[in-house]
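S.K.: Right, I'll just put the structure down here and ask away after.
Residue numbers (our numbering): 7 to 120.
What follows is the structure, encoded as structure tokens:
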């Protein structure tokens, strides 16, 4: 009984210490309270797409999902090994768009987009 109460006290101490608030986010410790987001955005490096890059683009619409569906490639699922109790299917993912040598993607309905 005594060991049970020791475990209960230990678990309680662990739970209460884990609930402490974290005051400063490490990413923003060197910023003042008056730093604007636009000043931060000026230092962001722009990404450049290159031949062979894979893009996942999903078009969605809350009003008419059927209209948005024509712009999306079909979902793909991968079989990752089956057992008697598990069929072995991974979650479905979108089919990626590949950037060609000219920097274009072939987007459904719209055609080539640079």
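Heads up, the beta-carbon is just placed ideally off N, CA and C, and yes, glycines get one too.
Going by alpha carbons, who is nearest to residue 118 out of 22, 81, 77, 100?
M.R.: For this step, residue 118 is matched to residue 112 along the chain shown. Closest option to residue 118, Cα to Cα, is 77.
S.K.: What does DSSP give as the partner residue(s) for residue 119 in the beta ladder?
M.R.: Locating residue 119 in the chain shown gives position 113, counting from the first residue. DSSP output for residue 119 lists 111 as bridge partner(s).
S.K.: Closest by CA to residue 105, which one among 116, 64, 120?
M.R.: Taking the first residue of the chain shown as 1, we reach residue 105 at position 99. Nearest of 116, 64, 120 to residue 105, Cα basis: 120.
S.K.: Mind checking whether residue 100 and residue 116 have CB atoms under 8 Å apart?
M.R.: The residue given as residue 100 occupies position 94 in the chain shown. The residue given as residue 116 occupies position 110 in the chain shown. No; because the gap between Cβ atoms is not below 8 Å, this pair is not in contact.
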